[in-house]
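Asker: Following this message is one structure expressed as structure tokens.
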Amino acid sequence: HIGSGPLLLTQVPACAHASGVTFALLLRSATSQVLVAQLPPGHCLQVRPRSPVAFACKHTGWQQPCALWVVVSAAGAAAAGRRGETALGSEPGPQRRCGSRRSKAAMAPRKKAVAGVAAGTAGAQDDGSGLPSGGVVDRRRRRLLTPGITAVREESKGRGVLYWMSRDQRVQDNWALLHARDLAVASGGELCVVFCLVPTFLDATLRQFDFMLRGLREVEAELQELRIPFELLLCDYGKHAEVLLGLCERREVATMVCDMSPLRVPRAWTADAAKAFGAAGLSCVQVDAHNVVPVWQASDKQETAARTIRSKITQQYGEFLKDMPRLQAMEGQKPSGPVDWEKAEASLKVNRSVTPVVGVVPGAKAAMRQLRDFCSQRLGIFDAQRNNPNADALSGLSPYLHFGQISAQRCALVVRATAESPPAMTAKGDLSKGCESFLEESIVRRELSDNFCWFQEKYDSLQGAAGWAQETLLVHEKDKREHVYSREDIEAGKTHDDLWNAAQLQMVREGKMHGFLRMYWAKKILEWSARPEEALSTAIWLNDKYELDGRDPNGYVGCMWSICGIHDMGWTERPIFGKIRFMNYAGCKRKFDIAQFVAKYPPAADAAAAAGGTAAPPPAAKKRARKG
């Protein structure tokens with residue numbers, strides 16, 4: 001055994017056949033990267049490129065990695081380093097009986113893995129947890145933010161583990177919290193959950209903070225039942241590192257687990273905290289509990305469109321789209337005292353004129369009710385009617401997904417189970433097609449948004465667009481606009497377009513806008529603004545101010561797609577838009593009954609008439625069926 005790192009295996013050693021146990025060494029061409037088979041602590045194995053290995057321990061009947069000592073010379077390992085053979089940690093696969101049938105997804109041949117993200121290997125730095133069993137959380141889902149200071153080490157024994165909850169505000173189906181519990185059990189210390197509440201965040205208003213805080217009340221109650229302390233700490237903007245270190249000192253914490261967010265501000269807060277923890281000799285582990293396929297595992301670059309990331313995600317469903325264990329109680333722990341929620345609400349320095357949406361209930365329980373209602377009532381028509389604003393076909397899960405009050409993975413599993421329950425065709429539509437479309441929207445498209453924000457720092461700027469889009473918008477920047485509206489008139493929905501006004505009123509009143517109309521809405525802002533940068537700024541500002549799911553990668557990407565053409569291609573060139581995809585009133589009229597939608601928001605037509613527009617004719621009365 002040489003050092004503490006993986007060892008190099010150049011040929012099958014004789015000891016593989018010792019002790020009366022037969023090991024089958026299976027070689028197959030998979031990737032040019034070196035694949036590491038992770039063995040129990042202190043037992044590592046490294047093989048040459050294109051030679052992944054699997055061991056079948058036939059005397060037990062289980063197929064899984066088995067303990068094996070391999071001794072080679074240091075010169076051999078050094079030579080491997082000179083050849084550029086990189087050691088990447090892998091997660092032991094699920095235990096499976098030899099000869100058992102694999103799922104169709106698992107049987108499907110995999111394409112060449114993304115460089116640096118080899119199949120079955122970690123796409124990010126392994127957290128080096130040292131958990132005897134590897135833990136319940138896939139190693140590829142987590143990464144160490146404090147190099148050299150691992151989660152489970154001699155100094156951490158008997159000391160606590162802190163889970164810094166931020167993006168994923170739920171107790172169950174939370175990989176980050178599950179990993180924190182694993183670490184706490186391994187170290188023999190206490191598990192504690194903390195949420196840092198800042199007085200303001202980007203353009204969030206009372207509407208969004210109220211939704212979040214009411215959801216966190218449910219988190220507190222659920223953690224109390226599991227005997228896990230929960231603390232809500234009031235934190236000055238950007239002072240998270242100081243606040244978290246203070247809590248760690250008070251609770252004798254040695255390791256912190258944190259969520260993953262691809263947005264600039266949360267990433268900066270996480271980086272500051274990790275740096276401070278490393279300087280203090282504490283470890284920090286980040287877990288992507290938000291995506292089905294972790295953002296750093298799905299791709300190692302900014303993807304240009306859904307078509308370029310789709311297969312990279314769907315080919316990993318068999319590995320990542322699986323059920324999650326329930327979080328168990330921490331016996332012997334004492335839950336913390338109650339949070340002063342009135343004090344928390346009073347600490348907010350936000351726009352209170354944008355009030356909470358009446359009738360929308362936050363929290364994990366409400367999210368699960370919404371999911372079940374969607375599956376039983378609307379999944380069958382989702383594929384055919386999701387682009388019709390007059391049809392009640394959407395899931396309504398977006399606010400819950402944004403605040404992490406429900407797991408996208410759980411949503412996908414429930415929807416898929418519903419679609420697989422016979423019969424797939426019902427009086428309410430085609431469940432299988434609805435499932436396919438839902439997985440495309442909730443996983444592929446949503447995780448494409450995370451990919452964009454993760455790799456593109458200027459995700460909310462014209463500079464973040466592709467070169468062709470920046471060029472075409474610049475060329476047409478000074479084109480004559482038939483209508484130019486102020487930000488105030490746009491916010492008030494006082495344009496000549498009754499459909500646009502109705503969409504704006506829906507957002508202001510209900511904290512949401514139909515997905516199809518979001519595209520039309522943003523493109524019209526481009527058409528009515530003096531400059532593309534102004535249009536993008538206005539669209540993002542309104543989205544973040546009124547939408548319950550504002551300040552989200554999906555929102556930024558939606559605005560950038562509509563105005564800057566990201567994840568799209570160039571179209572026929574026309575005034576103002578250049579080669580950016582064009583949408584107009586007539587196109588919407590061909591897709592759905594505009595008058596029916598506008599009728600739900602009467603001020604929209606009045607404002608359009610006052611601005612000199614022509615309102616759509618009233619919806620036609622339904623003919624009564626003749627008797628007899």
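Residue numbers 1 to 628, in the UniProt record's numbering, belong to the letters of the sequence shown in order.
Beta carbons are placed, not taken as given, at the ideal position from N, Cα and C, and that holds for glycine.
Since we're looking at a predicted model, the values are computed, not measured.
Mind checking whether Gln302 and Phe211 have CB atoms under 8 Å apart?
Answerer: No.
Asker: For Arg159, which residues from the same chain have a beta carbon less than 7 Å from its beta carbon, with the 5 sequence-adjacent residues on both sides left out?
Answerer: Taken in chain order, the residues that qualify are Ser187, Gly189, Glu252, Val253 and Ala254.
Asker: If I follow the unbroken beta strand (DSSP E) through Thr255, where does it start and stop?
Answerer: Run containing Thr255: Val253 to Cys258, per the beta strand (DSSP E) assignment.
Asker: Which class does Glu231 belong to by DSSP, given the choice of helix, strand or coil?
Answerer: It is a strand residue.
Asker: Just verifying my parser: in three-state terms, what is the DSSP assignment at Tyr400?
Answerer: Correct three-state label for Tyr400: helix.
Asker: Return helix, strand or coil for Met165, following the three-state DSSP convention.
Answerer: In the structure shown, Met165 sits in a strand (DSSP, three-state: E or B).
Asker: Do Arg207 and Val357 have their C-beta atoms closer together than 8 Å?
Answerer: Closer than 8 Å, so yes.
Asker: Output needed for Tyr520: all residues of its chain with C-beta closer than 8 Å, excluding positions within five of it in sequence on either side, in chain order.
Answerer: Once the five neighbours on either side are set aside, the close Cβ partners of Tyr520 are Leu499, Trp500, Ala503, Met583 and Cys588.
Asker: Taking DSSP as the reference, what is the three-state secondary structure of Val193?
Answerer: In this structure, Val193 counts as strand in the three-state DSSP scheme.
Asker: For a quick check, are the C-beta atoms of Cys196 and Val161 less than 8 Å apart?
Answerer: No, they are not a contact pair.
Asker: According to DSSP, is Gly429 part of a helix, a strand, or is it coil?
Answerer: Residue state, collapsed to three classes: strand.
Asker: From Val598 to Gln506, what distance separates their C-alpha atoms?
Answerer: Distance between the alpha carbons of Val598 and Gln506: 10 Å.
Asker: Measure the CB-CB distance between Phe320 and Thr146 and report whether it falls below 8 Å.
Answerer: In this structure, Thr146 does not lie closer than 8 Å to Phe320 by Cβ.
Asker: Alpha carbon to alpha carbon, how far is Gly429 from Lys524?
Answerer: Rounded to whole angstroms, Gly429 to Lys524 spans 33 Å at the Cα level.
Asker: Alpha carbon to alpha carbon, what distance is there between Gly337 and Leu233?
Answerer: C-alpha separation (whole angstroms): 13 Å.
Asker: Which residue marks the beginning of the alpha helix (DSSP H) containing Leu216, and which one marks its end?
Answerer: Run containing Leu216: Leu206 to Glu225, per the alpha helix (DSSP H) assignment.
Asker: Let's test the definition: count the other Cβ atoms within 10 Å of the Cβ of Leu327 and tell me whether it reaches 16, buried, or not, exposed.
Answerer: Under this definition Leu327 is a buried residue.
Asker: How about the segment 385-405 and the segment 343-352: do they share at least three Cβ pairs that are nearer than 8 Å?
Answerer: Segments in contact, no.
Asker: Report buried or exposed for Ala279, applying the criterion of at least 16 other Cβ atoms within 10 angstroms of its Cβ.
Answerer: With fewer than 16 other Cβ atoms within 10 Å, it is exposed.
Asker: Quick one: Cα of Gly570 to Cα of Leu439, how far?
Answerer: When rounded, the distance between both Cα atoms is 27 Å.
Asker: Are the beta-carbon atoms of His567 and Trp528 separated by less than 8 Å?
Answerer: Cβ atoms of His567 and Trp528: not closer than 8 Å.
Asker: Going by DSSP in three states, Leu542 sits in which element: helix, strand or coil?
Answerer: If DSSP states are grouped into helix, strand and coil, Leu542 belongs with the helices.
Asker: Do Arg170 and Gly404 count as a contact pair if the criterion is CB distance below 8 Å?
Answerer: It is a contact, given that the beta carbons lie within the stated cut-off.
Asker: Do Gln333 and Arg143 have their beta-carbon atoms positioned less than 8 Å apart in this structure?
Answerer: Not closer than 8 Å, so no.
Asker: Less than 8 Å between the CB atoms is what I'm expecting for Ala364 and Glu218, so what's the real figure, rounded?
Answerer: The pair is a contact, with the Cβ atoms about 6 Å apart (cut-off 8 Å).
Asker: Can you tell me which of Glu477, Val508 and Arg481 puts its alpha carbon nearest to the alpha carbon of Ala492?
Answerer: The shortest C-alpha separation from Ala492 is found at Val508.
Asker: Can the beta-carbon of Asp450 be found closer than 8 Å to that of Ala204?
Answerer: No, the Cβ-Cβ distance between Asp450 and Ala204 is not below 8 Å.
Asker: Using only the alpha-carbon positions, how far apart do Pro335 and Ala221 sit?
Answerer: Spanning the two alpha carbons is a distance of roughly 10 Å.
Asker: Start and end of the beta strand (DSSP E) containing Arg143?
Answerer: Residues Arg142 to Leu144.
Asker: Report the three-state DSSP secondary structure of Pro92 (helix, strand or coil).
Answerer: Since pLDDT at Pro92 reaches only 29, below the 50 mark, its modelled position is unreliable, and no value is offered.
Asker: Within its chain, find whatever has a CB closer than 7 Å to the CB of Ala274; leave out the 5 residues flanking it on each side and keep chain order.
Answerer: Leu145, Thr146 and Cys284, listed in sequence order.
Asker: Within this structure, are the beta carbons of Pro399 and Leu202 separated by less than 8 Å?
Answerer: Their beta carbons are not under 8 Å apart, which means Pro399 does not touch Leu202 by this criterion.
Asker: Using the Cβ count rule (16 or more neighbours within 10 Å means buried), how would you classify Arg590?
Answerer: Arg590 is exposed by the Cβ-count criterion.
Asker: Put Gly281 into one of helix, strand or coil per three-state DSSP.
Answerer: If DSSP states are grouped into helix, strand and coil, Gly281 belongs with coil.
Asker: Please go through the same chain and pick out, in chain order, the residues whose beta-carbon is closer than 8 Å to the beta-carbon of Ile490, but skip the five residues on each side of it.
Answerer: Excluding positions up to five away in sequence, the list reads Gln504, Ile525, Trp528, Thr538 and Leu542.
Asker: Taking all protein chains shown into account, do 16 or more other C-beta atoms lie within 10 angstroms of the C-beta of residue 684, making it buried, or fewer, making it exposed?
Answerer: Any question about residue 684 goes unanswered here, given that the chain covers just 1 to 628.
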